[in-house]
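Enquirer:
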Amino acid sequence: MNSIINNIEIIKAKITKINDVDFDNLKFGHVFSDHMLECNFKNGEWQAPKVIPYQAISLDPSAKIFHYGQSVFEGMKAYKDANEDIWLFRPIENFKRLNISSKRLAIPELPESYFMDGLKTLLQVDNEWIPKKDGSSLYIRPFVFASGNGFHASPADEYTFIIACAPSGSYFSGKVRVLIEEKYSRSANGGVGFAKAGGNYAGQFYPTQLAIEKGYQQVIWTDDNTHEYIEEAGAMNIFVRINDTLITGPTSDRILDGITRKSIIELAEAKGIPVEVRKLSVHEVVAAAKDGSLKEMFGAGTAAVISPIAGFGYKGEDFDLPELEDTYASSLKKRITDIQTNKAEDPFGWRYKVE
Ligand code: PLP
Ligand code: COI
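In my numbering, the protein residues as written are 718 to 1072.
(1) Please report the distance separating the alpha-carbon of residue 1058 from that of residue 848.
(2) Considering just the uninterrupted stretch of the beta strand (DSSP E) at residue 965, what are its terminal residues?
(3) Quick check: the region 788-806 against the region 855-862, are at least 3 beta-carbon pairs closer than 8 Å?
(4) What residue from 823, 777, 798, 882 has the CA that sits closest to residue 835's CA?
(5) What distance in whole Å lies between the Cβ atoms of residue 1071 and residue 803, which are believed to be in contact at a cut-off of 8 Å?
(6) Write down the C-beta distance between residue 1016 and residue 955 rounded to the nearest angstrom, noting that I regard them as a contact closer than 8 Å.
(7) Quick one: what's got a C-beta closer than 8 Å to residue 877's C-beta in the same chain, skipping five residues either side?
(8) Which ranges does the beta strand (DSSP E) cover as unbroken runs of at least 3 residues, wholly within the region 842-891, from first to last along the chain?
(9) If we call anything under 9 Å between Cβ atoms a contact, is residue 951 one with residue 903?
(10) Could you tell me which of 724, 1023, 750, 1042 sits nearest to residue 893, measuring between CA atoms?
(11) So what does DSSP say about residue 807, is it helix, strand or coil?
(12) Jot down the residue ranges of each uninterrupted beta strand (DSSP E) in the region 985-1041, minimum 3 residues, whole runs only, in chain order.
(13) Count the other CB atoms, across all protein chains shown, that sit within 10 Å of the CB of residue 963; report buried if there are 16 or more and exposed otherwise.
(14) Rounded C-beta distance between residue 766 and residue 725? I'm assuming under 8 Å.
(15) Taking the alpha helix (DSSP H) that residue 787 belongs to, which residues open and close that run?
(16) To the nearest angstrom, report how far apart residue 1032 and residue 743 are at their CA atoms.
(17) Contact between the region 805-817 and the region 829-843 is defined here as three or more beta-carbon pairs at a separation below 8 Å; is this criterion met?
(18) Note the first and the last residue of the continuous alpha helix (DSSP H) segment covering residue 928.
(19) Heavy atom of the ligand COI less than 8 Å from the Cβ of residue 833, yes or no?
(20) If you pair each beta-carbon of the region 909-925 with each one of the region 971-982, do three or more pairs fall below 8 Å?
(21) Do residue 977 and residue 1026 have their beta-carbon atoms positioned less than 9 Å apart in this structure?
So, in structure tokens, the structure goes:
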């Protein structure tokens, strides 16, 4: 039966898939909830979004997404607390970043109400899909792509915005080993590295496969010009602890301005941890690994949350991080997830109740 919530039309799925899902053993992004939000851009404007049953999309073979890769996406999570209330973390930041990415890819920007009301309505409809178990959440994937047709290499005249959701467990299993990249680049000055453009990820797959063959899970990208400075990893920003100082590189047009990254900087500062946002050379990290002052490295991102790095490879040499009792990674992970899941006060006003 059709209904309307927050001005969004809802077409309900006839059957639910939820009974087939093992919520105690969730992988990341592997099963999808019963509904999705869909919104189309045509005749020069975004049409009203609708919540519809999760389903395959039919596109013309000439749709520009296939040829010119005009697509952007976001990654968010919904959490359910002990009272069954639903929470998001800094969702307006994701909305703004989606439009920043869209603008760079010549995709029309979305109105905030379509994104936020559409997302809230979808979460209410798929409420039962939001996991309650610690460490699990409903991973939310908003994305926009060129669904308009034609082989001309120019922006499409039609676009599709979809939000799909996947109840998910952790992105990495266990600690992560990373390879510091010496040859390939993820992004370049003036490019699209700061945008969450689909093609940024496609370009990483081949070098990452090479790293996986050597026993690493992720590549740490270095600057495209000299390969001397640490930028970010494939799906997360990077933090390095040297002695007691936490260091992360500055954002630029080559690096994704991570919402987890900026939250971790504020949380660390609030805990009294000395934080430096500055260029960090591979040479400095290798020297710190050799003299024992390198205490921790971790990645930070929505999917990855805070993922401790066990070791890194560089120029054929492997370096192991020490196994410490109390790490910044574990205390900051607890702090941020307690805020996200409504287990602790949120002095920053980051948590957003879905109602
Ligand atoms: N860097 C890249 C390349 C990413 O894909 C992500 C994930 O979204 C991040 C960093 C972390 O960003 P956020 O914390 O906003 O999820
Ligand atoms: C996220 O952390 O949400 C991302 O989008 C990273 C993705 C590559 C899994």
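We put the CB at the ideal spot given by N, CA and C, even for glycine. Fair warning: this is a prediction, and the values are worked out from it, not measured in the lab.
Expert: Put simply:
(1) 11 Å
(2) 962-965
(3) yes
(4) 882
(5) 4 Å
(6) 6 Å
(7) 755, 756, 757, 758, 774, 861, 862, 864
(8) 854-863, 876-885
(9) yes
(10) 1023
(11) coil
(12) 992-994, 1011-1018, 1022-1031, 1034-1037
(13) buried
(14) 6 Å
(15) Unbroken run through residue 787: none, as it is neither H nor E.
(16) 36 Å
(17) yes
(18) 915-930
(19) no
(20) yes
(21) no
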